[in-house]
Structures are given as C-alpha cells and as structure tokens.
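Peer 1: Numbering (numbering that gives the first Met the number 0), first residue to last: 0 to 416. All C-beta atoms, glycine included, are put in the ideal place defined by N, C-alpha and C. Bear in mind the structure is a predicted one, so any value in this text is a computation, not a measurement. Would you mind keeping the following structure in view while I ask a few things?
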Amino acid sequence: MIETNQLFRFTTAGSVDDGKSTLIGRLLYDSKSIFEDQLQAVERTSVKKGFNGIDLALFTDGLKDEREQGITIDVAYRYFTTPKRKFIIADTPGHIQYTRNMVTGASTANAALILVDARHGVVEQTKRHSFIASLLNIPHIIVCINKMDLVDFDETVYDELCNQFKEFSSKLLVQDIRFIPISALLGDNVVRRSDNMNWYQGAPLLHTLETMYIGSDTNRVDARFPVQNVLRPQRDEFMEYRGYTGKIESGVFRKGDEILVMPSGLTSKIRSIDVFEEELDMAIAPMSVALTLEDDIDVGRGDMIVRSNNTPEAAKDIVVMLCWLGNTPLDLKSRFSLQHTSNKQLAVIKEIIYKIDIDTLERIEGNQELKMNDIAKVKISVARPIMVDTYRKNRNTGSIILVDSNSNETVAAGMIT
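Encoded structure:
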C-alpha cells in the first residue's frame, strides 16, 4: 500500500548528453508541473536556439553557463506533485569534475535514475555514477535505457544493455535494480506507455516512481535521538518543564521506554513525547519532537538518547569513506570541525588507507594526497566520542561532514564504515 502524498526523492545521473535534463523536462512537462510563465520563457529560448519545438532540457539547466554550454554543472533541484506522491528531483552533473555535486545531490535520495545511451551502452561514467549510488547506499536504482528511438526501438539492443549493466552491477551493494527502455525526447515510457515498444511489459517511469515501495528504506529498528536543544519555557505554567528537542533520526520512541543517554551512560524513562501543544504516545523517524524524562539528569546538545537495549558505538576513532569537496587539497596537518548529527567535535585525519579510482573502481594504496572530487577510505580521530552506526545500517547516524577550522568551508562528506 502506497501512502498518498508521500515524499519521494530521486537523483538522475549518467554520461554527458545521455539526456538527463531532457528526461526531467519531459517528466515535468507531461505531468503538467510547469508554470505558465516558465513555459513561455523556455519556448522563447527554444526559438532563439533554433528548435522547432520545446527544448525540454531548459526546464532544469537553470544556470546561464549551463544553458549556453548545454550541460549540467550545479545540482538542479526541481519539485513536482502527482495525486499519488510529492517528488524532489536532484538533477546532478555527469562530468567527472563535478563528482562532489553528485555526492551532495544524491546523499538523501530514495532512488537513483541512471541513464544509459542506447547507442553507446554502459560506459565509464555509467559505472562511476552507479558506484557512487551504491556507496551512498541509495536503496533503489532505475536504469533508463534512453534514446531508444535512435536504435529503432530494438528489443535486442535493450536486452544486451540490461545484461551489460547486470554484469557490472553484481559487484555493487544494491538490492533493487530495475530497467526501463525510454525516449525522453519523444516521451516513450516516461509518463505514458510507448506504442513503439509493445515488447516491453513493465510500467512507464512515472508509474514506477509513484508506486515504488520505500517504507522499508527508513531504519525503524535502531532508535536514535540526537539532542539539539534543551527546552525551558519562561512561562509560569511550564516552570518545571524540561524538554529535550531534536529530530528522530531512526527508529521508534514510546512513552515509558527505558532510555540511555550517550556518551554519559545515564539512564531514565520517557515521561512524555511533545509536539507543539500535543502529547503523543509514540513518535517515529523523521519526526521532530521534545522528549521529557522521568529523572532530572544532565543532557545537552550533542548527546544522543537511545534505547537501553540497542546502542550505537561511542567512538573516538572512526574509519570513513570520504569524498573530498574542498577546492584546495587535503593537508594532513589541518584540524577540522567534524559535524555528526547535532554533535560537533574537533577532528584530524590520521591516515589515508586507500583512494578509489572512480573510473576503474580500483584501490590506490600508499597515496596520501586528496584533492577535489577524490574518494578515499580514511582514519579520523575526534576529541570526544561520537555515537555512530555504520552508514549501511543507518544513513543518518553513519554520515559526517568536515568543516575547515580556519576558512569555515565544508571540505568533505563521509560515510562511516
């Protein structure tokens, strides 16, 4: 059963000119999600560029440089709604020099759309984007074999490309991979079924996105509540109120649950779960709530409230798969501010275990240099313990960012392994 108006985030990726922006434009256009003034502006620009119809890619290539060059540079976020779901699209760049843009755009996605040009098949960039999707633990991958109109809608070509991708993807840790033959330019199998590919018995892309089950994507087992603030209202009727506010990152909390505060190890029980003026019996991720406890114990920002019988690891040394986002290369002598949920700690990178060649997926050992768009496995030490799960187990409590202490620039994003 699909929940109505459930929010669904997906990212698009593929090689240059595989038609990512055209596909998103087609989805928006055919689902009637374009404002009239935006449509008119795109029609005028299309005429200037010499198009007979509408250049659908212009709906997402929003930067001036992107429109002039006909490429995607920044992550373009687009929003649209159907009667069944609300969607957030992250149209990420295909070029290798914008790997960091794909990592940031795809980090919260429920699904990744990997586009493959039917004429060229699975190329290096296809493999790179699929690897990053797997690295980011995106639960669902939809492989769109695009430009089927340029290979005469040939089923044999489609089957061959599906087998190519399956052979490569057997090395990836992705549970759900689906294939759809499409023509983004003509609209075949995007919103409506294609009359040109009667041999394809599956659903078109939009129907697949609307009906894909994502309820199990959220971790409902491990209860994790990073404390963001201590709430002490300055009103007479709430003089004794002491609530701990934050967002439930995973799991379920109920009134009466025995809890443990980390890293202090103090224990108590949940007295109440409050949302505005309302008191709840139960709260689940990703709700933002205030918890009050039976005992008056020391709890502050950066602490984590968990269930007593299910705890994360309190670690000062962590191993992280890191994507370097900074414009300047890593200096191993630098100190960083590590942000993990609501916890901020001083940190240093102790060692680069290995780098990954994101074209061949091979490990490069003995290289202690990290520059923009590099992905590497590193050891990080922090000043005080942080409460972590592995990224595969919990995307929210298994991820970190590093902020340069001098420039205040976010220089890296990482996944705890």
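Measuring alpha carbon to alpha carbon, tell me which of Val298, Ser32 and Thr21 ends up nearest serine 45.
Peer 2: Thr21
Peer 1: According to DSSP, is aspartate 187 part of a helix, a strand, or is it coil?
Peer 2: strand
Peer 1: Keeping to the same chain, check which residues put their C-beta closer than 7 Å to that of proline 232; ignore five residues upstream and five downstream.
Peer 2: Excluding positions up to five away in sequence, the list reads Tyr240.
Peer 1: Can you tell me where the alpha helix (DSSP H) holding tyrosine 157 begins and where it ends?
Peer 2: Secondary structure note for tyrosine 157: its alpha helix (DSSP H) is the uninterrupted segment 154-168.
Peer 1: Hey, is the stretch 331-338 in contact with the stretch 262-280, meaning 3+ C-beta pairs nearer than 8 Å?
Peer 2: no
Peer 1: Is aspartate 275 helix, strand or coil when you go by DSSP?
Peer 2: Here residue 275 is phenylalanine; the residue named in the question, aspartate, does not match the sequence. Looking at phenylalanine 275 - three-state DSSP - the assignment turns out to be coil, as it is neither helix nor strand.
Peer 1: Tell me whether the beta-carbon of valine 251 lies closer than 9 Å to the beta-carbon of isoleucine 283.
Peer 2: yes
Peer 1: Mind checking methionine 196: buried by the 16 CB within 10 Å criterion, or exposed?
Peer 2: buried
Peer 1: Do valine 150 and alanine 117 have their C-beta atoms closer together than 9 Å?
Peer 2: A contact, by the Cβ cut-off of 9 Å.
Peer 1: My guess is that leucine 369 and tryptophan 323 are in contact by the Cβ rule of under 8 Å, so how many angstroms apart are they, rounded?
Peer 2: 4 Å
Peer 1: Who are the near neighbours of arginine 25 in its chain, counting only those whose CB is closer than 8 Å to its CB and skipping five residues on each side?
Peer 2: Leu55, Ala183, Leu184, Gly186, Val189 and Val190
Peer 1: Out of Ala375, Thr416, Thr10 and Asp302, point me to the one whose CA is closest to lysine 354's CA.
Peer 2: Ala375
Peer 1: Just to confirm my understanding: we take arginine 394, look at its own chain, exclude 5 residues before and 5 after, and list those with CB closer than 7 Å. What are they?
Peer 2: Asn136
Peer 1: Just tell me which of Glu350, Ser333 and Ile415 has its CA closest to the CA of serine 406.
Peer 2: Ser333
Peer 1: Could you pull the DSSP bridge partners for leucine 321 from this structure?
Peer 2: DSSP, once it has assigned bridges, lists Ala375 and Gly413 as partnering leucine 321.
Peer 1: What's the gap between the Cα of leucine 62 and the Cα of threonine 409?
Peer 2: Its pLDDT being 40, under 50, leucine 62 is placed unreliably by the model, and nothing is read from it.
Peer 1: On the three-state DSSP scale, how would you describe arginine 99?
Peer 2: helix
Peer 1: By a C-beta neighbour count over all protein chains shown, 10 Å radius and 16 as the cutoff for buried, is aspartate 221 buried or exposed?
Peer 2: Its Cβ being crowded by 16 or more others within 10 Å, aspartate 221 is buried.
Peer 1: Give me the Cα-Cα distance between arginine 99 and lysine 47, rounded to the nearest whole angstrom.
Peer 2: 33 Å
Peer 1: If you draw a straight line from the C-alpha of threonine 91 to the C-alpha of lysine 315, how long is it?
Peer 2: 34 Å
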